[in-house]
Amino acid sequence: MSDSDSQSPEETAVEEDLDSLVADLRRERDEYLELAQRARADFENYRKRAVREGQEALVRGKTEVGEAVLPALDSLERALEPDRGPAQDPVGPGREAEEPTGSGPAEDPVGPGREAEEPTGSGLAEGLALVHRELVGAL
Numbered sequence: 002m003s004d005s006d007s008q009s010p011e012e013t014a015v016e017e018d019l020d021s022l023v024a025d026l027r028r029e030r031d032e033y034l035e036l037a038q039r040a041r042a043d044f045e046n047y048r049k050r051a052v053r054e055g056q057e058a059l060v061r062g063k064t065e066v067g068e069a070v071l072p073a074l075d076s077l078e079r080a081l082e083p084d085r086g087p088a089q090d091p092v093g094p095g096r097e098a099e100e101p102t103g104s105g106p107a108e109d110p111v112g113p114g115r116e117a118e119e120p121t122g123s124g125l126a127e128g129l130a131l132v133h134r135e136l137v138g139a140l
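Quick note: the sequence shown uses my numbering, first residue 2, plus one each step.
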């Protein structure tokens with residue numbers, strides 16, 4: 002006689018119910034495992050994206066600060082140079098310097114609504130005062 006022949010119909014029904022419950026629990030376990038794996042992958046993607054966006058923001062910030070400070074540094078260089086005569090003109094005699102083109106901070110180093118203030122003399126104090134005003138206006 003086989004094992005199933007020795008079982009009563011009630012025992013067979015209970016065993017089938019248990020097998021069904023075990024199968025349901027395994028399916029549920031697999032679903033939760035898949036959800037956990039997806040959550041882990043989503044978190045890893047979020048973490049990588051946050052790092053990348055943080056680095057991009059840092060680069061953008063450095064660029065913006067650099068663009069804001071460059072006009073002031075240019076003014077400082079001009080203030081520190083000795084007065085140029087025609088022989089020292091980097092553009093050359095009879096030629097005019099080109100105006101910057103495009104849009105951005107290099108086009109308007111002082112900022113909107115403000116007039117550029119040139120130092121009245123070639124002194125370092127006037128140049129530094131101009132640089133200070135431009136930096137304060139840029140930041």
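C-beta: ideal position from N, C-alpha, C; glycine also.
Alpha carbon to alpha carbon, how far is Ala51 from Arg30? Give it in angstroms, no decimals.
One-based indexing of the sequence shown puts residue 30 at position 29. One-based indexing of the sequence shown puts residue 51 at position 50. Their backbone Cα atoms lie some 31 Å apart in a straight line.
Could you tell me the boundaries of the alpha helix (DSSP H) in which Ser76 lies? The residue labelled residue 76 in the question sits at position 75 within the sequence shown. Note, Ser76: alpha helix (DSSP H), Pro10 to Leu81.
- Query: Buried or exposed: which applies to Gly128, given that a residue is buried once 16 or more other Cβ atoms fall within 10 Å of its Cβ?
  - Reply: Here residue 128 is taken as the residue at index 127 of the sequence shown, counted from 1. That one is buried.
Next item on the list: Express the C-alpha separation of Val70 and Gly103 in angstroms, rounding to a whole number.
Entry: By 1-based counting over the sequence shown, the position of residue 103 is 102. By 1-based counting over the sequence shown, the position of residue 70 is 69. With a pLDDT of only 48 at Gly103, under 50, the local geometry of the prediction cannot be trusted, and the value read off the model is given with reservation. If I take the Cα positions, the gap works out to 18 Å.
Practice problem: Closer than 6 Å by C-beta to Ala73: which residues in its own chain qualify, once you throw out the five before and the five after it? Chain order, please. | Solution: Counting from one through the sequence shown, the residue named residue 73 turns up at place 72. Here the set comprises Val132, Glu135 and Leu136.
Point to revise | C-alpha distance - Asp43 paired with Glu35, whole-angstrom precision | key: Here the question's residue 43 lines up with position 42 in the sequence shown. Here the question's residue 35 lines up with position 34 in the sequence shown. Straight-line Cα distance between these residues: approximately 12 Å.
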